[in-house]
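Residue numbers (the working numbering): 74 to 338.
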């Protein structure tokens, strides 16, 4: 106690009620913008959905980010955040049941994903599933190696196939604010910097296909890219029409349509 040594008066005790502490914490600038995807996603109007039939886990930790020295901050937060910007409603399918679902531009706290799961989307009026995916815990956990093993910080590319269409998907994982952030998004996004509206048709052609005539019904269902005057925003290419038959590799092509006239792929 320095005031005893130098003869100065003792400092007044800090009197801080809970409301004052909460107000001080709210006034502090956040380290990152929720849901922690970075500045490129700051203009998105996120949807927060409820999951009445799922159970999630929360983490409780003590923090030294306190306003007063005689206070202790206890933070309660979900174990992970699941973000969907694929452009379609997404389902997480477990071995026996659907674990959760979320629409485009939605954020939820998912249930514990301790075993393999699959991502499902609706293609051609039916829900199609990806290959199995499993979250890798860390270097201290031994897990069977599967193509869909998602590390704590990294990504995987996966494909969902329908009868006549396909979805190219990217799933990323990162550690942010002591949480795991899982982001489901399209492998390809497009935007128009033109002064007029454009239409884009996404095609996936078999590698063995040397020549193909585009059917008229494919060009009638394009993705319309509006001119953007203020906020620049890309649109995900969720569904690609498959041309050709067989099991060969799929090569993606884009056809731009302006005024009813289609460009070369």
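Even glycine gets a Cβ: it sits at the ideal position worked out from N, Cα and C. Please read all numbers here as calculations on a predicted model, not as lab measurements.
- Around the beta carbon of residue 96, fewer than 16 other beta carbons sit within 10 angstroms, so the residue counts as exposed.
- A straight-line Cα-Cα distance of about 16 Å links residue 118 and residue 258.
- Boundaries of the beta strand (DSSP E) around residue 171: 171-175.
- Excluding sequence positions up to five before and after residue 160, its CB lies within less than 8 Å of the CB of 177, 259, 308, 309, 310, 311, all in the same chain and listed in chain order.
- Annotation: residue 222 to residue 300 spans about 39 Å, alpha carbon to alpha carbon.
- Across the structure, residue 282 and residue 265 are spaced so that their CA atoms are roughly 29 Å apart.
- The three-state secondary structure of residue 338, taken from DSSP, is coil.
- Taking C-beta atoms as the reference points, residue 231 and residue 207 fail to come closer than 7 Å.
- The region 192-205 and the region 235-254 touch, with three or more beta-carbon pairs separated by less than 8 Å.
- DSSP places residue 157 in the uninterrupted beta strand (DSSP E) bounded by 153-158.
- With respect to the 7 Å criterion, residue 174 and residue 129 are not classified as neighbours on the basis of their beta carbons.
- An exposed status is given to residue 149, since fewer than 16 other beta-carbon atoms sit within 10 Å of its beta-carbon.
- Judged by DSSP in its simplified three-state form, residue 240 adopts strand.
- When 122, 107, 171 are compared, the shortest CA-CA separation from residue 116 is found for 107.
- Secondary structure at residue 230: strand, using DSSP grouped into helix, strand and coil.
- Residue 255 is positioned such that its CB atom lies closer than 7 Å to that of residue 246.
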